[in-house]
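Novice: When we follow full-length UniProt numbering, the leftmost residue of the sequence shown carries the number 1, and every step to the right adds one.
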Amino acid sequence: MAGHNFLFVPGPSNVPNRILRAMAVPMEDHRSVKFPALTQEILAGLKRVFKTESAAPIVFPSSGTGCWEAALTNCLNPGDQILASRFGQFSHLWCDMGRRLGFDMNIIEVEWGEGAPVEGYRSALAADVQHQIKAVLVCQNETATGVTSDILAIRQVLEDLGHPALLFVDSVSALGSIDFRMDEWKVDICVAGSQKGLMLPAGMGITCVSQKALQAAQNSRHPRCYFDYLDMVKSNGTGYFPYTPSIPMLYGLRE
Numbered sequence: 001m002a003g004h005n006f007l008f009v010p011g012p013s014n015v016p017n018r019i020l021r022a023m024a025v026p027m028e029d030h031r032s033v034k035f036p037a038l039t040q041e042i043l044a045g046l047k048r049v050f051k052t053e054s055a056a057p058i059v060f061p062s063s064g065t066g067c068w069e070a071a072l073t074n075c076l077n078p079g080d081q082i083l084a085s086r087f088g089q090f091s092h093l094w095c096d097m098g099r100r101l102g103f104d105m106n107i108i109e110v111e112w113g114e115g116a117p118v119e120g121y122r123s124a125l126a127a128d129v130q131h132q133i134k135a136v137l138v139c140q141n142e143t144a145t146g147v148t149s150d151i152l153a154i155r156q157v158l159e160d161l162g163h164p165a166l167l168f169v170d171s172v173s174a175l176g177s178i179d180f181r182m183d184e185w186k187v188d189i190c191v192a193g194s195q196k197g198l199m200l201p202a203g204m205g206i207t208c209v210s211q212k213a214l215q216a217a218q219n220s221r222h223p224r225c226y227f228d229y230l231d232m233v234k235s236n237g238t239g240y241f242p243y244t245p246s247i248p249m250l251y252g253l254r255e
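1. Could you give the DSSP three-state label for Q40: helix, strand or coil?
2. In whole angstroms, give me the CA-to-CA distance for S220 and F6.
3. Alpha carbon to alpha carbon, what distance is there between I189 and A44?
4. Write down every uninterrupted run of the beta strand (DSSP E) in the region 32-86 whose length is 3 residues or greater and which is fully enclosed by it, in chain order.
5. Check each candidate in A202, D183, M199, C225 and name the one with the smallest Cα separation from C208.
6. Measuring straight from C-alpha to C-alpha, what distance separates G113 and R100?
7. Pull up the DSSP beta-bridge partners for I133, would you.
8. Taking contact to mean at least 3 C-beta pairs separated by less than 8 Å, is the region 31-49 in contact with the region 218-232?
9. One question on the structure: do V191 and S171 come within less than 9 Å of each other, judged by their Cβ atoms?
10. Could you work out which residue in P117, I19, C95, L253 is closest to Y72 when comparing CA atoms only?
11. Output yes or no for whether 9 Å exceeds the beta carbon distance between I178 and K134.
12. Please name the residue in S62, A127, G64, G98 whose C-alpha comes closest to that of G79.
13. Using CA atoms only, rank isn't needed, just tell me which of S246, P248, A217 is closest to V233.
14. DSSP state of A126, grouped into three classes?
15. If I measure Cβ to Cβ from D150 and keep anything under 8 Å in the same chain, skipping five residues before and after, which residues do I get?
16. Please check the pair P26 and G203, which I expect to be a contact at CB under 8 Å, by giving their CB distance rounded to whole angstroms.
17. In terms of residue numbering, what span does the alpha helix (DSSP H) encompassing I189 cover?
18. Considering only C-alpha positions, which residue in the set T52, Y251, E159, H163 is nearest to residue 256?
19. Looking at the unbroken alpha helix (DSSP H) that takes in E159, where does it start and where does it end?
20. Under a three-way DSSP split, which group does W185 fall into?
21. Based on Cα-Cα distance, which residue from T145, L167, G193, C139 lies nearest to C75?
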């Protein structure tokens, strides 16, 4: 198409004209009595994308990085031990965030170009007989290398060992492009963004939170405010947001 700039990068992806047109809307009152219909339609649609019946989709005005932080600060306590693997730039950044937020990061180092080491997770979790590891982090698709990991296999390790750790999955460059099954794989938190498989502009952090993770959020003492799951779920239950959402982006997401 003449005059159209096509991107050939892992993300942001090209935004279809249909989405761009859907976003060309005037501003409206996000506290009006009509607004909940939009919110409820979007959240119902996201449940289908995440393949879940029971988990809660949440949309933050942020990027996927914001949802990384939300996962860590909502469901864990300062100093909690986290098991993760580092096999690319984005798995590295999530590990680095955990360290900077004050968590005890147990990192399995993997050569770039390989995926999440299932047996490495098994060994580390089997050794954790006191269940000090509170969360397991996995990148479903490592954007830097293009390698996709087997999330179901990681869940099976947790099941085999009877380990209660929460399973957090980065699906930023996978959701909408690669198969993801929130309920079937018993994922506790899925982190995604608007700008890749969902083909929206960057600017939305989209996450999905299991009931187990929401219960953990009730008990978490880690400071948080903007990215508070409980605030979001409470407001979303009435069709609203706890603060101003990006209204054009919501219309694009609905489309």
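Even glycine gets a Cβ: it sits at the ideal position worked out from N, Cα and C. Note that the structure is predicted; figures quoted are calculated from it, not measured.
Specialist: Short version:
1. Walking along the sequence shown from the start, residue 40 turns up at place 40. In this structure, Q40 counts as helix in the three-state DSSP scheme.
2. On the sequence shown, residue 220 is found 220 positions in, with the first residue counted as 1. On the sequence shown, residue 6 is found 6 positions in, with the first residue counted as 1. So the two alpha carbons sit approximately 44 Å from each other.
3. Here residue 44 refers to the residue found at position 44 of the sequence shown. Here residue 189 refers to the residue found at position 189 of the sequence shown. Near 17 Å, if we compare the C-alpha coordinates of I189 and A44.
4. Annotation: the region 32-86 contains the following complete segments of the beta strand (DSSP E) (minimum length 3 residues), in chain order: 56-60, 81-86.
5. In the sequence shown, counting from the first residue as 1, residue 208 sits at position 208. Per the Cα distances, D183.
6. If you number the sequence shown from 1, residue 113 lands on position 113. If you number the sequence shown from 1, residue 100 lands on position 100. G113 and R100: Cα-Cα distance of roughly 26 Å.
7. Position 133 of the sequence shown, counted from the start, is the residue given in the question as residue 133. Partner(s): Q81.
8. no
9. Position 191 of the sequence shown, counted from the start, is the residue given in the question as residue 191. Position 171 of the sequence shown, counted from the start, is the residue given in the question as residue 171. Against a cut-off of 9 Å, the Cβ pair of S171 and V191 comes out as a contact.
10. The count along the sequence shown starts at 1 and reaches residue 72 at position 72. Here residue 72 is Leu; the residue named in the question, Tyr, does not match the sequence. The shortest Cα separation from L72 among P117, I19, C95, L253 belongs to C95.
11. By one-based count along the sequence shown, residue 178 stands at place 178. By one-based count along the sequence shown, residue 134 stands at place 134. It is not a contact, given that the beta carbons lie outside the stated cut-off.
12. Your numbering for residue 79 matches position 79 in the sequence shown. It is G98.
13. Position 233 of the sequence shown holds residue 233. The shortest C-alpha separation from V233 is found at A217.
14. Mapped onto the sequence shown, residue 126 falls at position 126. A126: helix per DSSP, three-state reduction.
15. By 1-based counting over the sequence shown, the position of residue 150 is 150. Excluding positions up to five away in sequence, the list reads G115, A116, V118.
16. Locating residue 26 in the sequence shown gives position 26, where the first residue counts as 1. Locating residue 203 in the sequence shown gives position 203, where the first residue counts as 1. The Cβ separation is near 18 Å, so there is no contact.
17. As a first step, residue 189 must be located in the sequence shown, where it is residue number 189. Run containing I189: none in the alpha helix (DSSP H); it sits in the beta strand (DSSP E), 189-193.
18. The question about residue 256 has no answer here: the residues shown for the chain are numbered 1 through 255.
19. Counted from its first residue, the sequence shown places residue 159 at position 159. Its alpha helix (DSSP H) spans residues 151-161.
20. Here residue 185 refers to the residue found at position 185 when the sequence shown is read from its first residue. Coil at W185, not helix or strand.
21. In the sequence shown, residue 75 corresponds to position 75, counting from 1. Among T145, L167, G193, C139, the Cα nearest to that of C75 is on L167.
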